[in-house]
Amino acid sequence: MSELNEKIRQQLMEWAEPDFGTFSAGLIPGEKHVLGVRLSLLRSYAKELAKGDWQTYLSQASDDSMEETMLQGMTLGYVKSDFTGIRPYLDAFLPKIKNWSVCDSTCVSLKIARKEPEAVLEYLLPYLRSDEEFFIRFGVVMLLDHFIMEDYIDLVLEEMDKIHQDAYYVKMAVAWNLSVCFVKFRDKTLSYLRTDHLDDWTYNKTIQKIRESYRVTKEDKEMLLKMKRKAEK
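Okay, here's the thing in structure tokens:
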């Protein structure tokens, strides 16, 4: 283990809260190595690492705990580089994503998508068409975090409609994405939901998540309830 990795691990162990780790692990099926480090601490540490020799860190980083992997994704989001510089490290990192928590914390950190949207969008499309559950979720959540805006809403809806992967964390991400689309672009999303090609489960989960939003009117919630499909495939 490199000296930097050992230093990182020792710092994470100092911050670890075993009870919080047990609680967090219960929310992340299949993840057994959760230290219990608060996200706020990880984000602060990632910002610090991003200011140093982040290339060497990411090239040698360990993945013995979920937090070590999560820290890498966050660091990628904070580095001062163009997308060309980030891309090879992102290529190497994405196969390490094995749960929704690492996926989503990475996506929200990647603000480079706001600076170079076209380059990032081109990068995302193959992941959206992948057969791997967390590659697809990465693409869906990236669109949710950075592309639900006037210039890209049509593309986001189109891409959601193309996804037919029967994987829980993909379907949940699509429903979450579409619920945000509805909040931000009600009419376009409502029109889409009247003509979509979603499976029944994802469609009904989308309706549910929209109705759970405090930013949706009571009238719309009542209308959407009537739009639910009776049978789920």
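Residue 12 is where the sequence shown starts when you use this note's numbering, and the numbers rise one by one after that.
Ideal placement from N, C-alpha and C gives every residue a C-beta, glycine not left out.
Treat the numbers as computed from the prediction; the structure is a model and nothing was measured.
According to DSSP, is Tyr214 helix, strand or coil?
Helix.
Can you give the Cα-Cα distance for Ser32 and Glu78, rounded to whole angstroms?
Strictly speaking, residue 32 in this sequence is Gly, with Ser absent from that position. Taking the straight line joining both Cα atoms gives about 10 Å.
Does DSSP put Met77 in a helix, in a strand, or in coil?
Looking at Met77 - three-state DSSP - the assignment turns out to be helix.
If we count the other Cβ atoms within 10 Å of its Cβ and call it buried at 16 or more, is Lys122 buried or exposed?
Answer is exposed; the Cβ neighbour count stays below 16.
Put Ala72 into one of helix, strand or coil per three-state DSSP.
It is coil, neither helix nor strand.
Buried or exposed for Lys62, please, with buried defined as at least 16 other CB atoms from any protein chain shown within 10 angstroms of its CB.
Exposed, by the Cβ-count rule.
Tell me, to the nearest whole angstrom, how far the beta carbon of Arg222 is from that of Lys232; I am working on the premise that it is less than 8 Å.
Going by Cβ atoms, the distance from Arg222 to Lys232 rounds to 5 Å, so yes, they are a contact pair.
Alpha carbon to alpha carbon, how far is Thr86 from Phe104? Give it in angstroms, no decimals.
Rounded to the nearest angstrom, the two C-alpha atoms are 11 Å apart.
Distance check for Met234 and Gly96, CA to CA, integer angstroms please.
C-alpha separation (whole angstroms): 47 Å.
Expressed to the nearest angstrom, what Euclidean distance is found between the alpha-carbon atoms of Pro40 and Ser73?
Their Cα atoms are separated by approximately 21 Å.
Taking the CB atoms as reference points, tell me whether Val267 and Met81 lie closer together than 8 Å.
Because the chain spans 12 through 244 in this model, residue 267 falls outside it and cannot be assessed.
So, at 7 Å on beta carbons, what are the nonlocal neighbours of Ala178 in its own chain, with the 5 sequence-adjacent residues on each side left out?
For Ala178, where only same-chain residues beyond five positions count, the Cβ hits under 7 Å are Glu144.
Quick one: using the 10 Å Cβ neighbour count with 16 as the cut-off for buried, is Phe196 buried or exposed?
By the 10 Å Cβ count, Phe196 comes out buried.
Just to confirm, are Ile159 and Val167 a CB contact at a threshold of 8 Å?
Yes. Within cutoff.
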